[in-house]
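The sequence shown maps to residues 20 to 513 in the working numbering.
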Amino acid sequence: GRLLHTGFDTGHGYIRPPRRPGSAAAQAAIILQSSQNDMHGGQSFAFFDRDMAEFVENASEDDIYQAMEGLVYNLNSMHSRAGAQVPFSSINLGCDTSEGGRRVTRNLLLAYEKGLGRGETPIFPNIIFRLKAGINFNPGDPNYDLFKLAIRTAATRMNPTFSFMDSPQNLPYGDEVAYMGCRSRVIANRHGEAVSDGRGNLSFTSINLPRIALRSNGNVDAFYHLLEEAMTLVGRQLMHRYTIQSHLKVKDMPFLMGQGLYMDSGHLQPNDEIGMAARHGTLSIGFIGLAETLTILSGATHARSEDSRKMGLEIVGFMRRMIDFFAEQYDMNFTLLATPAEGLSGRFIKIDRKIFGTIPGVTDKEYYTNSFHVPVSTDMTAFEKLSIEGPYHHLTNAGHISYVELEAPPIHNLEAFEAVIRAMGQVGVGYGGINFPIDECRVCGYSGLIESECPSCGSQDIRRIRRITGYLSTVDRFNYAKQSELKDRQAHIH
20 GRLLHTGFDT GHGYIRPPRR PGSAAAQAAI ILQSSQNDMH GGQSFAFFDR
70 DMAEFVENAS EDDIYQAMEG LVYNLNSMHS RAGAQVPFSS INLGCDTSEG
120 GRRVTRNLLL AYEKGLGRGE TPIFPNIIFR LKAGINFNPG DPNYDLFKLA
170 IRTAATRMNP TFSFMDSPQN LPYGDEVAYM GCRSRVIANR HGEAVSDGRG
220 NLSFTSINLP RIALRSNGNV DAFYHLLEEA MTLVGRQLMH RYTIQSHLKV
270 KDMPFLMGQG LYMDSGHLQP NDEIGMAARH GTLSIGFIGL AETLTILSGA
320 THARSEDSRK MGLEIVGFMR RMIDFFAEQY DMNFTLLATP AEGLSGRFIK
370 IDRKIFGTIP GVTDKEYYTN SFHVPVSTDM TAFEKLSIEG PYHHLTNAGH
420 ISYVELEAPP IHNLEAFEAV IRAMGQVGVG YGGINFPIDE CRVCGYSGLI
470 ESECPSCGSQ DIRRIRRITG YLSTVDRFNY AKQSELKDRQ AHIH
């Protein structure tokens with residue numbers, strides 16, 4: 020938002036502040052692309068509706084719509100990372116009740132709902148709709164109509180996902196919490212203001228919980244001893260990495276630090292080290308495979324046993340207490356992450372199968388279950404799944420997400436879609452989404468559930484879009500482990 024108001028320099032000349040919605044939307048995309056080139060990971064626009072509002076005050080609805088359509092087009096076509104991919108972008112909105120903010124939100128949702136040039140579902144940006152009682156969550160709230168539009172758009176495109184500002188971990192911050200794509204959350208700050216803007220996650224390292232459980236031979240006391248050792252080692256590793264990062268110079272990240280995008284970097288000179296700014300970021304310890312860990316330690320996953328459910332919360336609670344201890348010990352923003360395991364889910368289990376053999380319910384498939392999630396193959400209702408996973412959101416303060424799987428796009432049952440979103444809010448979910456298959460014919464544009472060939476034109480050139488860990492992707496880009504997981508996914512509403 021500040022860069023839109025002051026202008027910025029990408030290294031090839033000064034970009035003056037925009038005056039019209041089209042220019043503002045184009046510059047927003049450039050800002051995301053430029054910061055992407057300075058780092059790995061994704062970029063999140065924390066208050067898109069608020070920051071864009073003044074640029075649409077005197078514009079027509081058509082001009083605003085065209086600007087938002089241009090933003091969607093740009094974020095699906097502008098390359099970064101030496102052309103390896105488009106910017107991994109997320110846009111948070113929904114809580115600005117000003118007329119300008121409402122117009123921005125409405126037209127972005129409408130443009131996303133319409134899709135790309137031939138009606139294709141956009142992969143980016145991830146749109147994250149903030150929900151808060153009194154603003155948009157209930158009938159009569161000033162932005163409730165935008166919530167209804169967000170539901171309609173999500174029922175067609177699988178985006179937006181939804182963040183809950185009234186969940187236990189987000190409520191203390193009002194509507195300030197922003198999420199990034201596959202669940203990242205940065206808010207509390209030991210060294211400054213608790214905001215999302217101008218900050219990020221510096222590094223995270225994930226722990227293979229099933230490996231620790233296997234090494235303990237199912238002994239719970241031994242498991243906790245080994246887990247404490249692993250977390251202590253990872254805490255030291257993250258601090259070592261931060262020490263190296265803090266000695267980087269502003270000129271090493273000319274946009275992120277040179278343009279003052281990162282908190283407290285505005286007063287630094289090109290040859291200054293970035294440590295005083297970087298300390299506002301977070302260092303996160305993540306974990307994978309809680310379900311398999313519980314199978315080893317108690318004989319069942321948290322989806323099948325009350326004892327396992329209790330043990331799962333105790334394990335993650337233990338990790339969170341250690342995280343909070345590290346924050347005090349190192350005076351850094353240590354946080355606990357429900358890891359969005361994409362590559363790790365297959366890599367870890369492959370290694371463990373070689374060491375420990377094929378163990379039923381543990382290493383007998385091609386992937387470990389993500390973070391605290393119940394296994395994707397579990398036959399249960401949406402509310403049962405959310406009730407189990409909800410309490411973990413409060414513990415994982417670096418980021419989290421829960422999903423409900425549907426068999427088909429729910430475009431004709433928006434009431435059920437809204438009921439699922441409300442159920443998420445009831446059980447403490449901080450960030451959630453609803454998944455379903457999206458199949459699109461690349462020849463004629465037909466969209467729907469497609470088996471082997473398009474029912475309209477007979478083409479077998481089908482674009483199959485699914486959510487992978489937190490963002491949309493075409494199935495052909497899934498790795499082998501994630502393709503295996505995709506086949507095992509069960510719908511949660513019967």
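Where is the CB? At the ideal position from N, CA and C, for every residue including glycine.
Contact between Ala169 and Pro428 is absent: CB atoms are separated by about 15 Å, not below the 8 Å threshold. With a threshold of 16 other beta carbon atoms within 10 Å, Ile147 meets it and is buried. In the structure shown, Gly376 adopts coil according to DSSP, grouped into three states. The three-state secondary structure of Glu195, taken from DSSP, is coil. Taking the Cβ atoms as the reference, Gly308 lies roughly 17 Å from Gly489, outside the contact range of under 8 Å. By the Cβ neighbour-count rule, Asp68 is buried, with 16 or more other Cβ atoms within 10 Å of its own. Where Ser475 is concerned, there is no enclosing alpha helix (DSSP H), because DSSP gives it neither an H nor an E. Excluding sequence positions up to five before and after Val381, its CB lies within less than 7 Å of the CB of Pro229, Glu311, Thr314, Ile315, all in the same chain and listed in chain order.
Contact between the region 63-83 and the region 107-114 is established, with three or more Cβ pairs separated by less than 8 Å. Note on geometry: alpha-carbon atoms of Phe74 and His286 lie some 28 Å from one another. As DSSP reads the structure, Leu356 sits in a beta bridge with Gly305, Gly418.
Counting of Cβ neighbours within 10 angstroms places Ser364 among the buried residues, the total reaching 16 or more. Close CB contacts of Ala152 within its chain, under the 7 Å cut and outside five residues either way in sequence, are with Asp185 (chain order). Under DSSP, Asn95 forms no beta bridge with any residue. Here Tyr387 is buried, its C-beta having at least 16 other C-beta atoms within 10 Å. Judged by their CB atoms, Ser396 and Gln509 are nearer to each other than the 8 Å cut-off. Taking the C-beta atoms as reference points, Ala207 is found no nearer than 8 Å to Asn56. Contact between the region 89-98 and the region 213-227 is absent, with fewer than three C-beta pairs closer than 8 Å. When secondary structure is reduced to three states using DSSP, Ile293 falls in the coil class, being assigned neither helix nor strand.
Per DSSP, the continuous alpha helix (DSSP H) segment holding Ile440 begins and ends at 433-445. The three-state secondary structure of Asp458, taken from DSSP, is strand.
Counting C-beta pairs with one atom in each stretch, the region 273-280 and the region 22-40 have three or more that are closer than 8 Å, which means they touch.
Closest in alpha carbon position to Val423, among Ala442, Tyr499, Gln288, is Ala442. Boundaries of the beta strand (DSSP E) harbouring Thr493: 491-493, taken from the DSSP string. In this structure the region 457-470 does not lie against the region 113-130, because fewer than three pairs of beta carbons, one per stretch, are closer than 8 Å. In this structure, Tyr84 is the residue among Ala417, Thr301, Tyr84 with its C-alpha nearest to the C-alpha of Ala45. In this structure, Ser182 keeps its C-beta atom at 8 Å or more from the C-beta atom of Gly418. Shortest Cα-Cα distance from Pro410 to any of Asn432, Gln445, Asp383, Ile430 involves Gln445. A Cβ-Cβ separation of about 45 Å leaves Glu292 out of contact with His321 under the 8 Å criterion.
Excluding five sequence positions before and after Gly305, the CB atoms of its chain that fall closer than 6 Å to its own CB belong to Phe223, Ser225, Leu356, Thr358, given in chain order. Sequence-distant Cβ neighbours of Gly41 in its own chain, meaning closer than 8 Å and more than five residues away, are Asp82, Gln85, Ala86, Gly89.
Nearest to Arg483 by C-alpha distance, out of Val494, Thr354, Phe156, Thr377, is Val494.
Per the coordinates, the alpha-carbon of Ile342 lies some 49 Å from the alpha-carbon of Tyr465. Spatial neighbours of Arg38 in its own chain (CB-CB distance under 8 Å, excluding positions within 5 residues in sequence) are listed in chain order as Phe74. The beta-bridge partner set that DSSP reports for Tyr243 is empty. If the five residues before and after Met97 are omitted, its C-beta is found closer than 7 Å to the C-beta atoms of Ala48, Gln52, Val105, Pro106, all from its own chain and listed in chain order.
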